[in-house]
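Input: a single structure, listed below in structure tokens.
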Amino acid sequence: MTLDDVLTSLFPDGHEVRNDKGVLLGSATLRSGASMLVLGVADRTALGVDEALRLSGQVLKSIDRGQGPILVLVDSDSQRMSKRDELLGLNEFLSHLAKVLIHADLNGRPTIGLLYGHSAAGALLATGLATRVLVGLPGAAPAVMDLPSMAKVTKLSMDALEEKAKSTPVFAPGLSNLAQMGAVHLTWSNTISLADQLEALLADMPAVQDRRDVLGKERGGRLKAAEIAERVRDLALQAY
Amino acid sequence: MEDFSFQHNVRARAGGTRQTAIVGVVASGNLEVLVERVLPDAECALDIKTAALGFGEVWRAVIGDFVERYSPGGLRFSINDGGARPDTVSLRLAQAVRLIAENGQ
Amino acid sequence: MTAPFRDITPAERARSTSFYEASARTRLELLLDAGSFVEFIGPEQREISPHLNIFDLPEQFDDGIVVGHGRLDGAPVFVAAQEGRFMGGAFGEVHGAKLTGLLRAAREIGRIPVLILFDTGGVRLQEANAGELAIAEIMRAVMEARAAGVKVIGLIGGRSGCYGGGGLIAGCCSALAVSEPGRIAVSGPEVIETNRGVEEFDSRDRALVWRTMGGKHRRLLGAADVFAHDNVQDFREAALALLDLVGPFGLERLKAEQERLADRLRRYGACLDAVDIWTAEGIAHAETVPELPADQFIALADRIGRTSRDAR
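Shown next, in the form of structure tokens:
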């Protein structure tokens, strides 16, 4: 779906979301009358220091003055790979965006990510993966690491990698692989109203606790993470 | 990856009271050796997983020398090898025996 | 191992041990009070990565990270140390889950700080999806722990630096100490060059790498609050100092960070090189900063460098 399709289907009564060079900022009114902060990255834009700071500023403003849930739309490139961004400390800007989203979520402003296009690496960490619930739309194409780059590093052929990817969701790109890992909580349908699906989700938001490792285990994608984290937690609690 | 296992009867128990020790790191040209005091005093065992294929006889020789020299009775060695040279392997095995020969947990 | 050192104190041994060169285990042994470290899920449990065998790659019994607890000047701390020589210290499923579990326990207890000794290239390619998600879970767990009053201190000075998602986790910490070789960035030099060309970033120009991503630049920018000498004792002292400095986390800090980063963009957003930034910060002969000995650099940074204190 295009951004316009997504926004129209999410907010049939209209919205105030502006796309400024790939940075989405604005708000929308839900059918319940409640308002929702909407922000994100569009047009497969790379997330650099300037974009990240605008987004985090918008969330902070909304924490002060607004209320209601927060929606993060994602169709991004990876983090912007440039000398300037690294020189200025890109890691801090991306972390900061993730931190304000997590803070909002922990303090009464539940966050939902909607992955409708591409995303990768640091950009995904600072946006969709920093929300409480990450939703995928059919056609979304996240790629933590693309296969050609993997082929280069692992010195394996693309054919060999694709063959391996059939037996495990652990490394290859794609929405269904991330869903199996527990990273994408649910995948919506693009043939019925997104507004209906959003309202259903808001009416039944999962608890604030991060259960993605348990989800990954239930779905057979990450068999060890939940158990290891739980064992370390138990040992650490027993020590004090 | 290639796996090898060696069992030896040895003349004496390894010294010290520590139950486990670990030395080294798995990297190119390096290896880790985990040693555990879990066997009868007159036995030792070594399990090797190596990224370098076709060196079975070299391992046999290096480990034969090591067992003869240190008599690591009661110890099981588990090795993850990233393709270390024989002298590095010998060094790590000796370090592992020295570390577990300390007193303590 | 201890026999040759019997005549010197632990502090002397820590002072003479390069943090950069030391293994994760040695760093922890020398950083904490002598003999106080206890590991959770140690190598004898053989909790290896379940994914590396798909690629016919060797495993490590601790999956490249050591987690546990110990004492620092008598006070309890949780610790995690990455082994930068195993798979570049990269985050995989098991590796990451150990740190997540540690942070979750710290949050529940609420008063025991966490020290993270970063040494990482970021996500482990062979288990990229699991590694990426592990980093997201760790970031969340760091922030939940901080919200519960836990101080989370990052120490960065290892051979793999702190790259990729590791850089994002570092950005979530309450405070950082960094040494000269401790690089902090998201995209590594080779990644930028591969994607954008050698004109954008020449990864073989080591001086460029150090002054763009290295510890000195991060300290002057205020990305790290303490610059440590490259030895374990100095990192121990840095950790103690930062534990004293760090105050409680709250919304005010995020607002201050927004302002701090906006100010950085306003001041330095048009700079083309780190030397331009240092010059703009008021450092005379900024081009000599990379050659400054650590003591002189620390004096300079304390006088001119920025701080992220109360603003991260």
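Residue numbers (the UniProt record's numbering), protein chains in the order written: chain A, 1 to 240; chain B, 1 to 105; chain C, 1 to 312. Each residue gets a CB set at the ideal place from its N, CA and C atoms; glycine is no exception.
Original post:
Beta carbon of residue 11 of chain B, beta carbon of residue 90 of chain B: below 7 angstroms?
Top reply: no
Original post:
Cα-Cα, which of A/53, A/70 and A/43 is closest to residue 26 of chain A?
Top reply: A/70
**OP:** Under 6 angstroms Cβ to Cβ from residue 117 of chain C, same chain only, skipping five residues before and after it: list those, please.
**Re:** 27, 81 and 155
**OP:** Confirm, please, whether the CB-CB distance from residue 33 of chain B to residue 79 of chain B is below 7 angstroms.
**Re:** yes
Original post:
Does any CB atom of chain A fall closer than 7 angstroms to the CB of residue 151 of chain C?
Top reply: no
Original post:
Per DSSP, what kind of secondary structure is residue 147 of chain C in: helix, strand or coil?
Top reply: helix
Subject >> Burial state of residue 100 of chain B (16 or more Cβ within 10 Å) >> reply: buried
Original post:
Can you tell me whether residue 1 of chain C is buried or exposed, with buried defined as 16 or more other CB within 10 angstroms of its CB?
Top reply: Reliability fails at residue 1 of chain C, whose pLDDT of 47 lies under 50, so the model's placement of it is uncertain and no value is given.
Original post:
Mind checking whether residue 105 of chain C and residue 151 of chain A have CB atoms under 7 angstroms apart?
Top reply: no
Original post:
Checking contacts by CB at 7 angstroms: is residue 20 of chain B closer than that to chain C?
Top reply: yes
**OP:** Would you verify that the beta carbon of residue 91 of chain A is, or is not, closer than 7 angstroms to some beta carbon of chain C?
**Re:** yes
Original post:
For residue 10 of chain B, which of helix, strand or coil comes out of DSSP?
Top reply: coil
Original post:
Can you tell me where the beta strand (DSSP E) with residue 62 of chain B in it begins and where it stops?
Top reply: Residue 62 of chain B -> not in any beta strand (DSSP E); alpha helix (DSSP H) instead, spanning 56-70.
Original post:
For chain A, is any of its Cβ atoms less than 7 angstroms away from the one on residue 50 of chain C?
Top reply: yes
Subject >> Delimiting residues of the beta strand (DSSP E) encompassing residue 17 of chain C >> reply: Residue 17 of chain C -> no beta strand (DSSP E), and no H or E assigned at all.
**OP:** Name, going along the chain, the residues of the region 165-184 of chain A whose beta-carbon falls closer than 8 angstroms to a beta-carbon of chain C.
**Re:** 167, 168, 169, 170, 171, 172, 177, 178, 181, 182 and 183
Subject >> Under 9 angstroms by beta carbon: chain A residues contacting residue 175 of chain C >> reply: Residues of chain A passing the Cβ test: none, with the nearest at roughly 13 angstroms.
**OP:** May I ask which residues mark the beginning and end of the alpha helix (DSSP H) holding residue 91 of chain B?
**Re:** 86-100
**OP:** Return no unless some Cβ of chain B is closer than 7 angstroms to the Cβ of residue 56 of chain C.
**Re:** yes
Original post:
What did DSSP end up calling residue 17 of chain A once you bin it into helix, strand or coil?
Top reply: strand
Original post:
Using a Cβ-Cβ cut-off of 7 angstroms (strictly less than) and excluding sequence neighbours within five positions of residue 18 of chain C, which residues of its own chain qualify?
Top reply: 230 and 231
**OP:** Please name the residues in the region 63-89 of chain B whose beta-carbon is closer than 8 angstroms to at least one beta-carbon of chain C, in chain order.
**Re:** 78, 80, 81 and 82
**OP:** Return the first residue and the last residue of the alpha helix (DSSP H) that residue 257 of chain C is part of.
**Re:** 251-268
Original post:
Along the chain, where does the beta strand (DSSP E) that runs through residue 78 of chain C open and close?
Top reply: 75-82
Subject >> residue 283 of chain C - DSSP class collapsed to helix/strand/coil >> reply: coil
Original post:
When the distance is taken between beta carbons, is residue 152 of chain C closer than 7 angstroms to residue 179 of chain C?
Top reply: no
Original post:
Between the region 90-109 of chain A and the region 121-129 of chain A, do at least 3 Cβ pairs fall closer than 8 angstroms?
Top reply: yes
Original post:
What residues are listed by DSSP as bridge partners for residue 228 of chain C?
Top reply: C/179
**OP:** Reducing DSSP to helix, strand and coil, say where residue 56 of chain A ends up.
**Re:** helix
**OP:** Report all residues from its chain with a CB closer than 7 angstroms to the CB of residue 88 of chain A; omit the five preceding and five following residues, and keep chain order.
**Re:** 49
Subject >> Sequence ranges, beta strand (DSSP E) only - wholly within the region 94-146 of chain A, length at least 3 >> reply: 111-115 and 133-136
**OP:** Output yes or no for whether 7 angstroms exceeds the beta carbon distance between residue 184 of chain C and residue 207 of chain C.
**Re:** no
Original post:
Expressed to the nearest angstrom, what Euclidean distance is found between the alpha-carbon atoms of residue 257 of chain C and residue 102 of chain A?
Top reply: 15 angstroms
Original post:
By a C-beta neighbour count over all protein chains shown, 10 Å radius and 16 as the cutoff for buried, is residue 192 of chain A buried or exposed?
Top reply: exposed
Original post:
Based on Cα-Cα distance, which residue from C/271, C/148 and C/90 lies nearest to residue 133 of chain C?
Top reply: C/90
Subject >> Sub-7 angstroms separation of residue 46 of chain A and residue 80 of chain A beta-carbons >> reply: yes
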